Amino acid sequence: GTCLWIGALMVRSYITFTNPILLFIVGSLPNFGTAWMLPSFLILVNITLTKRQLSLKVVRCMLVGTFILQNLSELYYVYFAGASFDLVDCLFGLGALLILDQAMKRI
34 GTCLWIGALM VRSYITFTNP ILLFIVGSLP NFGTAWMLPS FLILVNITLT KRQLSLKVVR
94 CMLVGTFILQ NLSELYYVYF AGASFDLVDC LFGLGALLIL DQAMKRI
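Read in order, the letters of the sequence shown correspond to residues 34 to 140 in the numbering used here.
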């Protein structure tokens, strides 16, 4: 998640895209990466400190919490920075969380 987030931000700041599809993907990848950062970090810290797995119910609560935080972040930028609410960013985050949920079911 962190690599996606940092990588997309670096690519966006150093490369100018003329292809609208690539611009769309690179513009939304940071949201995909941030959706993986928080829950993955918390899961790894828990496993490192407690030496045991989290239940699927706890993991899903973290995923829902992350989704709520991402939406609050979007609202923050709407309110304080005058940006527009970007539903696509929220959908990219939701997609990443659903992929993480499916991956956690298989572990």
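Glycine included, every Cβ here is placed at the ideal spot set by N, Cα and C.
Given the structure is predicted, the values throughout are model-derived calculations rather than measurements.
Checklist entry - Just the Cα atoms here: how many angstroms apart are residue 191 and residue 98? => result In this structure the chain extends from 34 to 140, so residue 191 is not present and cannot be described.
Item to check | Segment limits, alpha helix (DSSP H) that includes residue 49 | outcome: It is not in any alpha helix (DSSP H) - residue 49 carries neither H nor E in the DSSP assignment.
Next on the checklist: Is the separation between the beta-carbon of residue 38 and that of residue 133 shorter than 8 Å?
Outcome noted: no
Checklist entry - Whole beta strand (DSSP E) runs in the stretch 36 to 113 with 3 or more residues, listed along the chain? => result none
Next on the checklist: Closest to residue 105 by C-alpha separation, out of 137, 41, 95, 118, would be which residue?
Outcome noted: 118
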